[in-house]
Every structure is written in C-alpha cells, then in structure tokens.
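>
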Amino acid sequence: MPAVDPRGEQRLTAEEFLAADPGDLAARFGGPFELVDGLVVRCQAQSRAHDRVIHRLRRALENAHTPNDPCLDTESDTPVRFPDAHSVSVHRRANFRFPDLLVIDCGRWDATTVLPHIRMVVEVVSPDSIGDDTEYKRKLYARTGIPVYLVVHFADDWETVERIDEFRLDWSNKRYALHREHWDELLLEEPIKMQLSFTDLDGVRREK
1 MPAVDPRGEQ RLTAEEFLAA DPGDLAARFG GPFELVDGLV VRCQAQSRAH DRVIHRLRRA
61 LENAHTPNDP CLDTESDTPV RFPDAHSVSV HRRANFRFPD LLVIDCGRWD ATTVLPHIRM
121 VVEVVSPDSI GDDTEYKRKL YARTGIPVYL VVHFADDWET VERIDEFRLD WSNKRYALHR
181 EHWDELLLEE PIKMQLSFTD LDGVRREK
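Per the UniProt record's numbering, residue 1 is the first one in the sequence shown, and the count goes up by one each step.
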C-alpha cells in the first residue's frame, strides 16, 4: 500500500511501483503520475498538439531508420527507473519517469533495465512542465549518460512548434551542452539521421 505522510503526500517504494498493475495505480492516484524521490507526482493531461508532435516525430524517426543503421526502437510514455535518491526512508528514494519519446537499443528491456540503452530522449514542453523539462530533466538525463536530449518548444499559441533545442553530453559525460537550436526544421545526425520540417511535425502551415 502507498504510504501517506503527515502532509498528505502519497508515496511508493520501487518495489510497490513495479509489483502493481499500471492501470490500477493510475486509477488509485487519479491518472498518470511519476515518482520523484518516492513522491507520487500527478501528470497533467496533454494537449492534442503535444500528442500530435510526439506521434509524428516517432513516425518520422522510424521511417528514417535504415537497415544499415544500428538496431533501434522508439518508445513513448514508457517508464524509466532513474537512480534512487539518498534517503534513510524507502518511501523517499524511487525515481520513475515517463519521457515523452525514447530512442533505445533493440532488446527486451523493462523499466529497471532500459536506462543504459537509451540513445535519445525527447520532451515536448507544456505550460506546466517548462521548468521540469528545461532544467530538472536536463540535469537528470545528463547525469545518467543519455547521449542526446531534444526539447521541443511551442510558440505562444501552444500549437505551432517554434524551436527544438538539441543537447549533447559534454566532455564530462555528465552535463549537457547546447549542440544546436533548430528553427523551421529538425536536422538530426544522431542517433538517426533525419530531416523533418516543423510543418510536417506539427501540421501547422507556415506563411512563406
């Protein structure tokens, strides 16, 4: 059973998270959630524009992948276990995140084994996730050695993709450096070589 501390916060251990049915957990906590240092953090429902970008980007990556490339898969909304927080309480340790999109090595990975096989992670910024995607997750993903991190930014209408920031690990392999800002189109070299216009990404026609 999840723990409830005096402040009313709901918490899970890693063992409780892994042993339970995902649907049962979502129903218990009122929808999708992540575990941050054991704390149940509910995720806001995403917009149609957000989901459309993820769907189109995933399809484009799969179409761009060739038989001569290393064997790679794409996954969306798949749980990933990150290193536990240092705490004497087992209910304040577990970290499970659900990145918007992953490019991973082919294989039969699960939430606890997939982390070292992630080649790229993508987050599409939402109004409630700006700080998390651009600061906290950028540091988290870098510390765990994920080679490439893409952050997709919408314009003020939250429908039109304005910019994609591409981060890559620096010499330390523990921090990200901004490799490129993509405007109008995504020109990706790794882990899959691909060119994708923002119109094809978000479905919004631009004025020439």
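Cβ coordinates follow ideal geometry from the N, Cα and C atoms, glycine included. Given the structure is predicted, the values throughout are model-derived calculations rather than measurements.
Across which residues does DSSP place PRO177 in a beta bridge pair?
One-based indexing of the sequence shown puts residue 177 at position 177. A quick correction: the sequence has Ala, not Pro, at residue 177. Beta-bridge pairing links ALA177 to ARG168.
> Please name the residue, chosen from LEU187, GLU185 and GLU166, that lies closest to ALA177 on a Cα-to-Cα basis.
In the sequence shown, counting from the first residue as 1, residue 177 sits at position 177. Of the candidates LEU187, GLU185 and GLU166, the one whose C-alpha sits nearest the C-alpha of ALA177 is GLU166.
> Which residues mark the beginning and the end of the beta strand (DSSP E) in which HIS153 is found?
Residue mapping note: residue 153 aligns to position 153 of the sequence shown, counting from 1. 148-154 is the extent of the beta strand (DSSP E) around HIS153.
> Would residue 217 and HIS182 qualify as a contact pair, given that the criterion is a beta-carbon distance under 8 Å?
Examination of residue 217 is not possible in this model, given that the chain is present from 1 through 208 alone.
> I'd like the span of the beta strand (DSSP E) that includes ARG42, first residue to last.
Translated into the one-based positions of the sequence shown, residue 42 becomes position 42. 39-42 is the span of the beta strand (DSSP E), which, as asked, contains ARG42.
> Under the three-state reduction of DSSP, which class applies to PHE98: helix, strand or coil?
Mapped onto the sequence shown, residue 98 falls at position 98. If DSSP states are grouped into helix, strand and coil, PHE98 belongs with coil.
> Please name the residue or residues paired with ARG163 in a DSSP beta bridge.
Here residue 163 corresponds to residue number 163 of the sequence shown, with the count starting at 1. DSSP output for ARG163 lists HIS153 as bridge partner(s).
> Mind checking who ARG119 pairs with in its DSSP beta bridge?
The residue given as residue 119 occupies position 119 in the sequence shown. Answer is none; ARG119 lacks a bridge partner.
> Under DSSP, the beta strand (DSSP E) around LEU186 begins and ends at which residues?
Position 186 of the sequence shown holds residue 186. Looking at the DSSP string, the run of the beta strand (DSSP E) that includes LEU186 is 185-188.
> For my contact list, LEU101 and SER76 are in at a C-beta cut-off of 8 Å; report their separation, rounded to the angstrom.
Locating residue 101 in the sequence shown gives position 101, where the first residue counts as 1. Locating residue 76 in the sequence shown gives position 76, where the first residue counts as 1. Indeed, because the Cβ distance is near 5 Å, the residues count as touching under 8 Å.
> With a CB to CB cut of under 8 Å and the five nearest residues on each side skipped, what residues in its chain are close to THR78?
Here residue 78 refers to the residue found at position 78 when the sequence shown is read from its first residue. These residues qualify, in order along the chain: PHE98, PRO99, LEU102, ALA111 and VAL114.
> Helix, strand or coil for PHE33 per DSSP?
Here the question's residue 33 lines up with position 33 in the sequence shown. Three-state DSSP puts PHE33 in a strand.
> Counting along the chain, where does the alpha helix (DSSP H) carrying VAL53 start and finish?
If you number the sequence shown from 1, residue 53 lands on position 53. Run containing VAL53: 48-64, per the alpha helix (DSSP H) assignment.
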